[in-house]
Each structure stands twice: as C-alpha cells, then as structure tokens.
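Asker: Each protein sequence line maps, in turn, to chains A and B.
In case it helps, numbering that gives the first Met the number 0 puts the first sequence at residues 0 to 340.
In case it helps, numbering that gives the first Met the number 0 puts the second sequence at residues 0 to 340.
Note that CB positions come from ideal geometry on N, CA and C, so glycine has one too.
Number of protein chains: 2
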Amino acid sequence: MNLKSLANHLGLSQTTVSRALNGYSDVSLATRNRVSEAAKTYGYRPNVNARRLATGRSCVIGIAFPTDMNMFLDPHFIEFLTGLSEKASELDYDIMISSSQSEEVDVYRRFAEKGTVDLVILSNVDLSEERIRLLQDLNMPFIVHGRTATCDSYSYIDIDNYGVFHEPTKMLLEMGHDKIAILNGHPNRVYAIDRLNGWQDALKERGVMPNPDYMRAGAMSEENGYTFAMEILQLENRPTALLCSSVVMAKGAYRACNELGIKIGSEVSIVAHDDNVPLAQASDMNPPLTVTRSPLRDAGREIAIMAMNYLKGTDIKELQCLWHPELIFRKSVGAPPRTDI
Amino acid sequence: MNLKSLANHLGLSQTTVSRALNGYSDVSLATRNRVSEAAKTYGYRPNVNARRLATGRSCVIGIAFPTDMNMFLDPHFIEFLTGLSEKASELDYDIMISSSQSEEVDVYRRFAEKGTVDLVILSNVDLSEERIRLLQDLNMPFIVHGRTATCDSYSYIDIDNYGVFHEPTKMLLEMGHDKIAILNGHPNRVYAIDRLNGWQDALKERGVMPNPDYMRAGAMSEENGYTFAMEILQLENRPTALLCSSVVMAKGAYRACNELGIKIGSEVSIVAHDDNVPLAQASDMNPPLTVTRSPLRDAGREIAIMAMNYLKGTDIKELQCLWHPELIFRKSVGAPPRTDI
DNA sequence: TGTCTTTTCCAAAGCGCTTTGGAAACGGTA
DNA sequence: TACCGTTTCCAAAGCGCTTTGGAAAAGACA
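1. So what does DSSP say about R194/B, is it helix, strand or coil?
2. Anything in chain A within Cβ reach of L171/B, meaning under 7 angstroms, just list it in chain order.
3. What first and last residue would you give for the beta strand (DSSP E) that runs through N183/A?
4. Taking contact to mean at least 3 C-beta pairs separated by less than 8 angstroms, is the stretch 199-219 of chain A in contact with the stretch 23-34 of chain B?
5. Is the number of C-beta pairs between the stretch 159-168 of chain B and the stretch 187-199 of chain B that are closer than 8 angstroms three or more?
6. I need the straight-line Cα distance from V59/B to M95/A, nearest angstrom please.
7. May I ask you to report which of helix, strand or coil DSSP gives V116/B?
8. Over what stretch of residues does the beta strand (DSSP E) that includes H144/A continue unbroken?
9. Using a beta-carbon distance cut-off of less than 7 angstroms, what residues from the stretch 136-161 of chain A approach chain B?
10. Report whether the distance from the Cβ of E301/A to the nearest heavy atom of the ligand FMN is below 8 angstroms.
11. Going straight from the alpha carbon of S265/A to that of D283/A, what length do you get?
12. Taking C-beta to C-beta, are L232/B and S268/B nearer than 9 angstroms?
13. Please look up how many angstroms separate the CB atoms of I156/B and V119/B, rounded, as I've assumed it's under 8 angstroms.
14. Hey, does D297/B have any beta-carbon neighbour from chain A nearer than 9 angstroms?
15. With a threshold of 9 angstroms between beta-carbons, can S4/B be considered close to chain A, or not?
16. Mind checking who V290/B pairs with in its DSSP beta bridge?
17. When we look at the beta-carbon of A148/A and count the other beta-carbons within 10 Å, is it buried (16 or more) or exposed?
18. Under 9 angstroms, do N275/A and P287/A count as touching if we go by C-beta distance?
19. Does the CB of R109/B have a neighbour CB from chain A at under 9 angstroms?
20. What residue does the beta strand (DSSP E) around M214/B start on, and which one ends it?
21. A252/B by DSSP, collapsed to three states: which one?
22. Applying a beta-carbon distance threshold of less than 9 angstroms, which residues of chain A neighbour G114/B?
23. Check whether the Cβ atoms of H8/A and A49/A sit closer than 9 angstroms, and answer yes or no.
24. How should S12/B be labelled, buried or exposed, when 16 other C-beta atoms within 10 angstroms of its C-beta is the threshold for buried?
25. Go to Q342/B, then tell me how far its alpha helix (DSSP H) extends in each direction, as first and last residue.
26. Which residue comes first and which comes last in the alpha helix (DSSP H) that contains Y155/B?
27. Taking buried to mean at least 16 other C-beta atoms within 10 Å of its own C-beta, is N223/A buried or exposed?
28. List the residues of chain B that I95/A touches, going by C-beta distances under 9 angstroms, in chain order.
29. What does G61/A pair with, by DSSP beta-bridge criteria?
30. Start and end of the alpha helix (DSSP H) containing A6/A?
31. What are the boundary residues of the beta strand (DSSP E) that includes L242/B?
32. Pick out whichever of A111/B, H185/B, K39/B and K178/B has its Cα sitting closest to the Cα of N210/B.
33. Any idea if F79/B is buried or exposed, counting beta-carbon neighbours within 10 angstroms, 16 or more meaning buried?
34. Between the Cα of L278/B and those of N257/B, H75/B and S57/B, spot the shortest distance and give me the residue it belongs to.
35. Is S98/A near E301/B, with beta carbons less than 9 angstroms apart?
36. Could you tell me the alpha carbon to alpha carbon distance between E258/B and V246/B, rounded to whole angstroms?
Here you go:
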C-alpha cells in the first residue's frame, strides 16, 4: 500500500492525503480524520526512503565507533546508548551505528557524503578534538556528549564534572577529613580533568595541598578501582576518604577495603559519582554508597531530544546543557577516624 | 556533486555514468575508468536515499533489542555485534539498531512496513520462537544467530552446541573422570539445551547416569560461575570435573576453587566454551584453561556475509552454517584425583 | 558495397514521497 | 448581484538515483 493507491481508495489526491497525514492545517479536520482512519485500516506507512529523498532529511542519528576502542564494552557508554536509542525511537528517529577499523573521521565523511544520517553523536571526547573540526568542515550537524576546552561553537550535553568532585571534597573537608584521595577516570578525558580540578580547588580553598600520592587515574573498571584502592590504602600515611569516578570503581574499592579489613564509613569514607548503570547500584552496596548522581540513561534520552531540536533549527546556544548532579548522602561516609589516641 | 552534474562535466549521460560506476559491462573500459577517475576527483558519492528508492533495497541490516533484556550488557552479544558491524561496513552495509520499551515484534513490523532495513538479525532465540513466525508472515528477510527446534525454513549460523559439551565430556570420561558437573547458560535458550543433551548423552554412552546435583544453569556471568561452583564443589560427593558454558563463568569457578583451596588441573579439571571475548582470555588464566573455541566475532562477520548473499538471492539451504568448535587442551585438565588411598 | 551482429551509449520512465503555485468552492460583505 | 478573502483541495514538478528499451556506431562477414 503506497500513497497513490491510498489516495485512489479515498478519492483524494496524493497531495491531500500526504498533507493530511502530516497534519497540515490546509486540509479540513473532517478529511484529515477520514484519511488517518483509512491509513490505519489499510496499514499504510510512508516509505521512509522516498520521504528521505523528497525532504532531504533522513531522520537517522549516527554513531561511529572504532573497533579498537571497544566503546561497547564500556557499560557507561551502553547505558547512554540505551537511553538515546529509547528516546530516539519514541521520536521516530533511527540510530545507525558504524564501526570500522579505519579512522573514525572516515566514517563521518562517508556519513556526510552519502547522506545516510542527519546528525552524529560524539562521545569520549578529549581535549584535542580534531573530530569536531572535521565535522564542522563537513557541515555535518553533531552533538557532543561531554565538552572540550572551548565549547561555544557547538551543541553539547554534559554534567558539571568540576562540581562532581568539588562538592563532595568540600563536604568531606567540612566533616574534618583532610586526607582525601581520588580514583579518577581516563586522564586525558575532559571530564576527568574537570574532576581533578574540582578536587584540587576544593582542597586549596581550605588551605590543603593536594597530595600527588593520593591521585590515581585510569579506565573506570572494577579492577582498577580495586588496584588503585589497594595501593593507596596501604600508603604509610593513608587517606581517610576516597573519591571514585564511578560506582563500578567504588565496588573495586569496597573489595579492597574488605580485604584489608578497613571499615567503610568509619575508618574510611567513600564517595563516588553514580551514572546509575544497572550493574552497579550504589544504594544496594554494603554500606550504601554516598554518590553524586546523574543517570547516563537520562543524558542519552535528552540528547535524542536535542538532536531533534537541532534539526528543527533551534539555535545552538539553546542546545547546550549542563546538568548538576545531586549529592546523595549514605552510610559510606562518616567522620574521619580519631588519630589523637 | 550529484550524478547529473558529474555527467555534465564528463559530457556523458546519467545512465552511462551510473552504469559505469556500478561496473556494468555495457560501458567500455575506457569510459569506465574515465568516469571513476572523475568521480574521485570531484568527490562524488551517490545519494543513498535516492539509490534506495530507485532500487528498493536499503543495504541496512536491522537489530531490535528490547531495553529490558539489556543485550548490550552482555559481552558475548557485544562481541558478536562488533564482528557483524565490522564486516558490514566492509561490504557497504549499514547497521541500524532499534530499541524500544514496546514489543520487539513491533519493531520488526515497523522495519518491514517502512522499508528501513532489508534484513534483520535475530539473537537470543529460545525454543518457542514466535518472532520467526512473525518475520515470515511479514515477508521480512532474517538470519538467526542460533537455532530453534526446527530450523529448515530459515537461514542461520550456529555452532554445534551439542558437541560443545559432548566432546569434552567424552574426553574427560576417557581420562577417568565420571563425576562431571556443568555450569550451563540460561536454561530456556536453545544452545543451553543442546549442550545439556550433549553432556547427558556422553555420560549415558558410557553408562554413567547424569547426576541432577551436578547441573546448574543461568546467565553466563562471572558471578554465577562463582556461585554455582561454590555450591557444587562443596557437595559431599563433589565432582572431579567442571564444564562451563563460557570462559567468563569459568573465571568465577576459578575464583571459587581458589577460595576453597582446590587445585585446578589436579583436584578438579575445568573445561569451558570459549567465545573469545577479549575480557576473558582462556590462555592467560592460571592454569591456562582448556576450551572448545569458536570466536563470536567471527560469527558476526560471517553473518554479515550471509546477509549479503541472502539479499543477492542465494538459496536458504546454502545459508545454514553450523560450525564445529575446536577443542584446545590446556593445563586446567588432568587425570581425576585418586580416591583409593 | 550492403547486411548483420556486437559494442557503446542515451532518453525517458519510474521509485514513492513532499511541496509549490494555483484553482475551485464557499461564505461574508457591500 | 458582484466582489473579495478564506478554506479546501489538487496537478505537476521535483528529490537523485536505476533501469528499460532502444538507437547509433563500430566490426564482421559475404
């Protein structure tokens, strides 16, 4: 069933049927209803490719991922992708993924030249972002998940990563902690740099010098959380509090504490940033984990909406989201242990 | 740059340019070269949507995944998807993913009616497969990763799951083991059922009755491997050998053995099926793990090729792959411990 | 030389939709 | 009644490609 035969069945022109289905006001309500009724009974659905050709828009959001990076193995990325994909299909957008052993930029170039996608999503940005330059050169719309150093010229969604470590550090300092260590994410990712700065500044504001021994950074895996925590907690002058870049890492840290016989919440306080990935439920941990929380899935859903608005012509300035995670206090944090005995 | 202006530049008709680029023999080699030369210098790339409309084919492979199933969190699925996606882009096919909270079948219906994808890939099949029926009704081409009970009427790729447990069981029996336990995958998945049968039959062929206490089944996670192994290895009459449905599970079993102080390779032998997911390298384990090996990524790559051939009209009977994993013997297997002391 | 086959090219139709630029019908006003 | 502004519809022209059904040119053969 195509437009033509549907129009014939109805005794209307293709124009009218098309405009009726697309909700134009220059077709009377009566026929509009009649048409959508008929469309339903005949099971008519417009051919996307014809529509794409006619409109020049594909309603497809693209994501490139180089196979060597294995973004798919990162539960954080997956969580984001799930949200994106969910919302996209609600909005009648499709998601196209393209992996290749070749350069990621080649994928974008192909996307742009062939007209397969309307817009691409950039993840895992680092400071030196040539991908952004290329996309701007190609005139290919894009939205960044995260930010680079200068971010005025494009649309993005990000959380206040500076605050993610600044707030809890401040809180811990106020509780009397002054030996606060961080287990951070990949050191050249922008979010990790922001968090690092948040931590450092909070300390300095209180006159505490950041201790280089208290800094670790790497992929946000359980394994790394364990290893880093093991190292740091066996330092001679061990910290009384741990800030983790993700709940997954915190799980590793919990394991380390248990092995070392260090009591969480009294002997050491632990705070993590919580992307709300289903595998790692902060509230179910023992003791329940204090977190700054900002569900990645929500970010994925939001970016789908932003993509739609972008393509509708909304100004870029209105498509720059910065979310401020909430700090959720739980039992994994307590006063620092007394050292004066 | 579109076909028309490229043709003008060359002083040729659109027809000739189109046919030249698509390698038809009714255009001379000389002009064929001239055309592809010009296409390169002008950076011409055919508009996919126009081509799709004209040919009726989209060159897109679809995958639906219900969000509640969280297939993306399963490293096995990801590994498969990576291979599929790699090979697809080599073959100039695109991958479209569609998640939705709604029924998976609705996604297929939408795919079919809108003409977005040429073919869909089915994963995680179980015995009662209405999805297959629906796709056949919709006339939507599909390839199954795995098999159902009756699988003559469709194209699939699968491994000999019966053999995956039958072979190692036979081997272990021949080495003198007769108390062999299995840590299987999700009990209503076809592959798990096949493996169960392989194990049972091998035992029966030797006159050994399968012991119900020696059977465990569930998602193939490290956690489950650990839990199941802990249970089974603390039975009064504990088995001398463990068959695991995945290396990830075997890792959990290793952890259990270590905690219980049971020496792998002498006090207990362990064999697993190895999908070759990068997170779990069987050969790097201590001791190196004996496996039946069949890389999932290869299956993904193969299914992309099969998809292409399917769409080219290859007969279904030629698109039914059954791979036989190789058995790789390593140190995790040894003679059963002597009990006669 | 003329005829027949093969090679090489092309005009035009079509894929199924959207959109432009009216036209017809209608109702209100003078 | 004549005129004008609205409302409601539609014919036709695209979107950029592929493909069909020739036509022209070139070679082969008698």
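Answerer: From the atom records:
1. helix
2. What L171/B touches in chain A: nothing, since even the nearest Cβ is about 32 angstroms away.
3. I179 to N183
4. no
5. yes
6. 9 angstroms
7. coil
8. F141 to H144
9. none
10. Although the ligand FMN was asked about, the structure shown includes no ligands whatsoever.
11. 18 angstroms
12. no
13. Contact flag wrong, Cβ pair sits at about 14 angstroms.
14. no
15. no
16. A271/B and I327/B
17. exposed
18. no
19. yes
20. M214 to A216
21. helix
22. R44, N46, V47, N48 and A49
23. no
24. exposed
25. Any property of residue 342/B remains undetermined from this structure, which presents chain B solely from 0 to 340.
26. Careful: Y155/B lies outside any alpha helix (DSSP H), inside the beta strand (DSSP E) at S154 to I158.
27. buried
28. Here residue 95/A is Met; the residue named in the question, Ile, does not match the sequence. In chain order: V59, D93, I94, M95 and I96.
29. M95/A and V119/A
30. L2 to L9
31. A240 to C243
32. K178/B
33. buried
34. H75/B
35. no
36. 18 angstroms
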